[in-house]
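Chemist: Provided herewith is a single structure, encoded as structure tokens, for subsequent inquiry.
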Amino acid sequence: MNIGLRVVCGITICWLAIPTLGVAEDARNLERGKRLYEKYCSACHGPKGRGDGATQFVPPVADLTSNDVVLKPDSRLLKSIHEGKPNTAMDTWTSRLSDEAIRDVLAYVLTFPR
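Residue numbers for the sequence shown follow the numbering used here, so the first one is 2 and each next one is one higher.
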């Protein structure tokens with residue numbers, strides 16, 4: 002096989018592998034998001050994010066599967082997690098979770114069935 006064909010084959014193989022690497026990373030991020038959600042969020046928001054956790058609050062915590070939440074831009078949802086929500090039980094999480102961890106939790110939450 003000539004060198005030109007080898008180079009083309011090598012580039013093609015690398016190009017085809019890139020999406021696979023991204024999927025593996027996304028899967029790890031979702032798994033991490035799931036673990037963090039279960040540890041820090043499910044007691045209030047419930048196992049599937051419906052706001053039916055073991056701990057109840059007034060006002061009630063957000064149903065993370067509702068259109069009111071799902072239709073908000075990610076940037077607004079990330080801000081709510083980072084900074085908390087005034088006059089609610091939603092506290093700030095920046096001192097407990099890194100930005101990357103918060104993004105992983107949000108990515109996991111956005112997989113919940115509607």
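Just so it is clear, CB atoms sit at the ideal spot from N, CA and C, and this is done for glycine as well. As the structure is a prediction and not an experimental result, all values here were calculated from the model.
What number of angstroms, rounded off, separates the C-alpha of residue 65 from the C-alpha of residue 50?
Modeler: Here residue 65 is taken as the residue at index 64 of the sequence shown, counted from 1. Here residue 50 is taken as the residue at index 49 of the sequence shown, counted from 1. Answer to the nearest angstrom: the Cα atoms are 5 Å apart.
Chemist: How is the alpha helix (DSSP H) around residue 70 delimited, first residue to last?
Modeler: Here the question's residue 70 lines up with position 69 in the sequence shown. Residues 68-71.
Chemist: Pairing CB atoms from the stretch 31-44 with CB atoms from the stretch 94-111, are three or more of them under 8 Å?
Modeler: Enough Cβ pairs lie closer than 8 Å, so yes.
Chemist: Where does residue 77 sit, in a helix, a strand or coil, going by DSSP?
Modeler: Reading the sequence shown from its first residue, position 76 is the one you call residue 77. Note: residue 77 maps to helix in three-state DSSP.
Chemist: Just how far apart, CA to CA, sit residue 115 and residue 67?
Modeler: Your numbering for residue 115 matches position 114 in the sequence shown. Your numbering for residue 67 matches position 66 in the sequence shown. Answer to the nearest angstrom: the Cα atoms are 7 Å apart.
Chemist: For residue 103, collect the residues of the same chain with a Cβ closer than 7 Å to its Cβ; drop the 5 residues on either side in sequence, then sort them by chain order.
Modeler: Within the sequence shown, residue 103 is the residue found at index 102, counting from 1. So the qualifying residues of the chain are 79, 82, 83, 94.
Chemist: For residue 92, which of helix, strand or coil comes out of DSSP?
Modeler: In the sequence shown, residue 92 corresponds to position 91, counting from 1. It is coil, neither helix nor strand.
Chemist: State the Cα-Cα distance for the pair residue 54 and residue 63, rounded to the nearest angstrom.
Modeler: Indexing the sequence shown from 1 puts residue 54 at position 53. Indexing the sequence shown from 1 puts residue 63 at position 62. About 11 Å.
Chemist: Go ahead and label residue 75 buried or exposed: buried means 16 or more other beta carbons lie within 10 angstroms of its beta carbon, across all protein chains shown.
Modeler: For the purposes of this step, residue 75 is identified with residue 74 of the sequence shown, where counting begins at 1. Flag for residue 75 reads exposed.
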